Amino acid sequence: QVQVAESGGGLVQPGGSLRLSCAAFGFTVSRVGMSWYRQCPEKERELVAFLAGTGGDSNYADSVKGRFAISRDNAKNTVYLQMNSLKVEDTAVYYCKAGGYVNKWGQGTQVTVSS
């Protein structure tokens with residue numbers, strides 16, 4: 025069955041770090057674009073980071089540039105989002121999305137940044 029599953033969310037203090045994982049099943053992550061989105065209550069879901077399947081180019085929302093990094097482990101068929109220097113405003117549910125012909129969303133993982 026084709027699906028993605030996020031993990032790694034939690035509670036962290038401002039300035040801290042978290043690494044989110046997106047495990048893929050039924051397809052190969054290196055063959056499609058993979059994205060991380062986030063959604064805060066009463067706000068639209070926004071694109072945080074994107075990693076191209078071919079070539080591996082990445083891009084980021086301005087709000088996370090220099091702090092977040094998207095990467096891929098082909099052997100584990102998993103995509104990661106390393107989040108550093110976290111801010112209170114990074115609090116959201118984070119979703120992984122497989123693009124292209126897969127077109128699947130994960131169930132989301134909560135990230136809360138609070139002192």
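Numbering (the numbering used here), first residue to last: 25 to 139. Idealized CB from N, CA, C, for every residue including glycine. Bear in mind that the values here come from a model prediction, so they are computed numbers and not experimental data.
Asked	Found
Rounded C-alpha distance that separates valine 53 from alanine 29	12 Å
Length at least 3, wholly inside the segment 46-73: the beta strand (DSSP E) runs in chain order	58-63
Rounded straight-line distance, which links the Cα of serine 95 to that of leucine 71	15 Å
Identity of the residue in Val135, Asn83, Gly39 and Ser45 nearest cysteine 120 by Cα	Ser45
Where aspartate 86 sits in the DSSP three-state scheme	coil
DSSP three-state assignment for valine 112, whether helix, strand or coil	helix
Cβ-based neighbour list, serine 139, same chain, cut-off 7 Å, excluding 5 preceding and 5 following	Gln37 and Pro38
Per DSSP, cross-strand counterpart(s) of arginine 91	Answer is none; arginine 91 lacks a bridge partner.
For serine 31, the residue or residues it bridges with in DSSP	Ser45
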